[in-house]
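>
2 protein chains.
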Amino acid sequence: MARSLGRIYKGFQRLGSLSSTQTQLRHPPTTVSVRGTTFVRTMVALPSLFFSKPRDFSLPNSSWGSEMMRLYEHYNSQCEVETEEGEKQEGPWRRLPSYNRFLKYATGKSADCDISLKIIQSKARLFTRNIRDPGAAFEYVLFVNSEEQKCMCIFQAGHLLEGPPGHVHGGAIATMIDTVTGTHATILSGPVMTANLNINYRRPIPLGSTVLLESSLDKKEGRKTFISCKVTSSDGSKLHTETTALFLSINFSQLLLGE
Amino acid sequence: MARSLGRIYKGFQRLGSLSSTQTQLRHPPTTVSVRGTTFVRTMVALPSLFFSKPRDFSLPNSSWGSEMMRLYEHYNSQCEVETEEGEKQEGPWRRLPSYNRFLKYATGKSADCDISLKIIQSKARLFTRNIRDPGAAFEYVLFVNSEEQKCMCIFQAGHLLEGPPGHVHGGAIATMIDTVTGTHATILSGPVMTANLNINYRRPIPLGSTVLLESSLDKKEGRKTFISCKVTSSDGSKLHTETTALFLSINFSQLLLGE
Chain A
1 MARSLGRIYK GFQRLGSLSS TQTQLRHPPT TVSVRGTTFV RTMVALPSLF FSKPRDFSLP
61 NSSWGSEMMR LYEHYNSQCE VETEEGEKQE GPWRRLPSYN RFLKYATGKS ADCDISLKII
121 QSKARLFTRN IRDPGAAFEY VLFVNSEEQK CMCIFQAGHL LEGPPGHVHG GAIATMIDTV
181 TGTHATILSG PVMTANLNIN YRRPIPLGST VLLESSLDKK EGRKTFISCK VTSSDGSKLH
241 TETTALFLSI NFSQLLLGE
Chain B
1 MARSLGRIYK GFQRLGSLSS TQTQLRHPPT TVSVRGTTFV RTMVALPSLF FSKPRDFSLP
61 NSSWGSEMMR LYEHYNSQCE VETEEGEKQE GPWRRLPSYN RFLKYATGKS ADCDISLKII
121 QSKARLFTRN IRDPGAAFEY VLFVNSEEQK CMCIFQAGHL LEGPPGHVHG GAIATMIDTV
181 TGTHATILSG PVMTANLNIN YRRPIPLGST VLLESSLDKK EGRKTFISCK VTSSDGSKLH
241 TETTALFLSI NFSQLLLGE
């Protein structure tokens, strides 16, 4: 289920201005995390305890196989390109960092902050990043191409994702599809919630495989964002699943306030 | 993605008869595990290393909350009933044990065994049982009612299943739906594969909640088994998701042999 943090981000900004005398900006963030990935390149003042250099799970580690690395380098090399004059500039793709936790909020109100007051660090972890052992579960990295309105995900499936013997659980595949399409919908439409996932499973994915998830915008109609997503083998020759997904734009504070 | 172990079970039986001089039956199994749950009450001879009393994850543990326990006792008390004469007999419901691993097979052929020869213990674990910390991730138990062709699952969502802040990831919900409907389809139709999951998300599930999954047979047509599944609050008053699922009967050995 996918929702984003648009409103909470505004809450963060207000909180920052409110609490500047109580907080220290030891590791100034330039981004805000949504669904464990990062989108907004803006300074936000937050308590220092949150910035003890969180691990970015979307960077290569020793568990990544040759196919995962090859594809990573293929897209990563297109994140920054060189002009004819030898200057570097942003390329068509952008890698999205990925963390394993949200900042937790209790509900509450004040004159200056209508979303949240009290910051709570809990034990909660993002489902797709809840195992720290590299390579054991979900290894993945997302790249977004704003011009083409596409999102690509390189996914290496670890041994803890088993469903049928030797193959990836259908729920683990659905989890990656929800993660990728939900992230894409959030980029395109702001705060959203997954309303429907319609997944056709065509071919099982062996454990240890590296596959590609390609998310494309179909259309936007009012509050609705329609996305489609294919999971293929890393060379694109085999189709594993085909999905249509529907996301609804939401007022995110309702979720946080439990309304 | 859901598949069952009908053929592998036959392979087991053959393997047992083949390798009786090499194996010891220290903890004679009376069941065979499919999707981490157990269906077949038959003696199977297997190497002793597999029977060091595997943990049955569907039995209560200290992390189960009061609602999880209440519902467990509600269904468990209907697994064995007393007749008017005071005799005990099987009730309408049956609890399905649940383990966290499959026995792993390499491919190979012999005159007596067309499925598998070599047993490999790997690191692979069932996706829904890959975290041993009680209460941290998926706590669930399945009950099946053969007469009503229904399957009920009581599911308590742990803090490692987070999607949107404070709520269960849509992929974790899809995982439970695939697990429950796939198990149900396997009971009804033998070896199957998930062909389609069409999930409508109606209302988010807060982390820590206990919810009910109710799986019902819609119809069977040739190789196709159509199942529907609702996820509701534990008292049934709130609808969280509605799903239709399609499963195709398969020849399971093809999957094992990678064909």
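Taken in order, these protein sequences are the chains called A and B. Following the UniProt record's numbering, the numbering of the first sequence begins with 1 at its first residue and continues without gaps. Following the UniProt record's numbering, the numbering of the second sequence begins with 1 at its first residue and continues without gaps. For glycine and all other residues, C-beta sits at the position ideal for the given N, C-alpha and C.
Just to make sure I have the definition right: I need the residues of chain A whose C-beta is within less than 7 Å of the C-beta of LYS123(B). Which are they?
The answer, in chain order, is HIS159.
> Quick one: grab the DSSP three-state call for ALA157(A).
Strand, per DSSP.
> Curious, which full-length alpha helix (DSSP H) runs of at least 4 residues does the segment 203 to 233 of chain A contain?
Counting only runs of 4 or more, we get nothing.
> Quick one: grab the DSSP three-state call for ALA245(A).
In this structure, ALA245(A) counts as strand in the three-state DSSP scheme.
> According to DSSP, simplified to helix, strand and coil, what is SER66(A)?
Three-state result, SER66(A): helix.
> Taking 8 Å as the CB-CB cut-off, is THR194(B) touching chain A?
Closer than 8 Å: yes.
> Within the continuous alpha helix (DSSP H) that includes ILE250(A), where are the two ends?
No alpha helix (DSSP H) contains ILE250(A), which DSSP labels as neither H nor E.
> For ILE250(A), I'd like the list of residues in its chain whose CB is within less than 7 Å of its CB, leaving aside the five on either flank, ordered along the chain.
Answer for ILE250(A): ARG3, PRO191, VAL192 and MET193, listed in chain order.
> At the level of alpha carbons, what is the spacing between ASP133(A) and GLY86(B)?
C-alpha separation (whole angstroms): 54 Å.
> For ALA124(B), report the span of its alpha helix (DSSP H) as first-last.
Unbroken run through ALA124(B): none, as it is neither H nor E.
> Between PHE143(A) and the rest of its own chain, which residues show a CB-CB distance below 6 Å, the 5 nearest in sequence each way excluded?
Answer for PHE143(A): TYR75, TRP93, ARG95 and MET152, listed in chain order.
> In three-state terms, what does DSSP make of ALA136(B)?
Correct three-state label for ALA136(B): coil.
> Starting from TYR179(A), find everything on chain B with Cβ-Cβ shorter than 9 Å and list it in chain order.
Strictly speaking, residue 179(A) in this sequence is Thr, with Tyr absent from that position. Those are GLY163, HIS169, GLY170 and GLY171, listed as they occur along chain B.
> What span of residues does the beta strand (DSSP E) with residue 264(A) cover, start to end?
Because chain A spans 1 through 259 in this model, residue 264(A) falls outside it and cannot be assessed.
> Leaving out five residues on either side along the sequence, give the residues of the same chain with a beta carbon under 7 Å from the beta carbon of ASN196(A).
Taken in chain order, the residues that qualify are ALA245 and LEU246.
> Can you tell me where the alpha helix (DSSP H) holding VAL81(B) begins and where it ends?
Counting along the chain, VAL81(B) falls outside any alpha helix (DSSP H), though it belongs to the beta strand (DSSP E) covering 80 to 82.
> Check for me: the alpha helix (DSSP H) holding LEU59(A) runs from which residue to which?
Segment: none, LEU59(A) is in no alpha helix (DSSP H) and carries neither H nor E.
> Within 10 angstroms of its Cβ, does GLU162(B) collect 16 or more other Cβ (buried), or is it exposed?
Burial call: buried.
> Within the 8 Å Cβ cut-off, does ILE187(B) reach chain A?
Not one chain A Cβ lies under 8 Å of ILE187(B).
> In whole angstroms, what separates the C-alpha of CYS79(B) from that of GLY91(B)?
Roughly 4 Å separates the two Cα atoms.
> Considering VAL168(B), what are the terminal residues of the alpha helix (DSSP H) in which it resides?
Here VAL168(B) belongs to no alpha helix (DSSP H), and DSSP marks it neither H nor E.
> Going by CA-CA distance only, name the one from ALA174(A), ILE154(A), ASP178(A) and PHE127(A) that's closest to SER209(A).
It is ILE154(A) whose Cα lies nearest to the Cα of SER209(A).
> Using a threshold of 8 Å, state whether the C-beta atoms of GLY158(B) and ALA136(B) are closer than that.
Result yes, Cβ atoms of GLY158(B) and ALA136(B) sit closer than 8 Å.
> Within the 8 Å Cβ cut-off, does THR232(B) reach chain A?
Chain A, which has no Cβ nearer than 8 Å to the Cβ of THR232(B), makes this no.
> Tell me the DSSP secondary structure of SER189(A) in three-state form.
Of the three classes helix, strand and coil, the one that applies to SER189(A) here is helix, per DSSP.
> So the candidates are PRO54(B), VAL180(B) and GLU139(B); which of them puts its Cα closest to the Cα of GLU67(B)?
The candidate whose alpha carbon is nearest that of GLU67(B) is GLU139(B).
> Closest to LEU188(B) by CA distance: which of PRO60(B), LYS224(B), LEU207(B) and GLU73(B) is it?
Measuring from the Cα of LEU188(B), the nearest candidate turns out to be LYS224(B).
> Say whether chain A places a C-beta atom closer than 8 Å to the C-beta of THR183(B).
Chain A, which has no Cβ nearer than 8 Å to the Cβ of THR183(B), makes this no.
> Can the beta-carbon of LEU160(B) be found closer than 8 Å to that of ASN130(A)?
For LEU160(B) and ASN130(A), yes; Cβs fall inside 8 Å.
> Bridge partners for ASN145(B) per DSSP, in chain order?
The partner list for ASN145(B) (beta bridge, DSSP) reads LYS150(B).
> Closer than 8 Å by beta-carbon distance: list the chain B residues that pair up with ASN198(A), in chain order.
Going along chain B in sequence order, the residues near ASN198(A) (Cβ under 8 Å) are ASN196, LEU197, ASN198 and ILE199.
> At the level of alpha carbons, what is the spacing between LEU213(A) and TYR99(B)?
Going from the Cα of LEU213(A) to the Cα of TYR99(B) covers about 30 Å.
> Measuring straight from C-alpha to C-alpha, what distance separates ALA185(B) and ILE227(B)?
Near 7 Å, if we compare the C-alpha coordinates of ILE227(B) and ALA185(B).
> By alpha-carbon positions, which one of GLY236(A), PHE57(A) and LEU207(A) ends up nearest to ARG125(A)?
Of the candidates GLY236(A), PHE57(A) and LEU207(A), the one whose C-alpha sits nearest the C-alpha of ARG125(A) is PHE57(A).
> When you compare the CB positions of ARG203(B) and LYS230(B), do they come within less than 8 Å of one another, or not?
Cβ atoms of ARG203(B) and LYS230(B): not closer than 8 Å.
> Identify the contact partners of ASN251(B) in chain A, using a Cβ-Cβ distance below 9 Å as the criterion.
By Cβ distance, chain A contributes nothing, its closest Cβ being about 13 Å from ASN251(B), past 9 Å.
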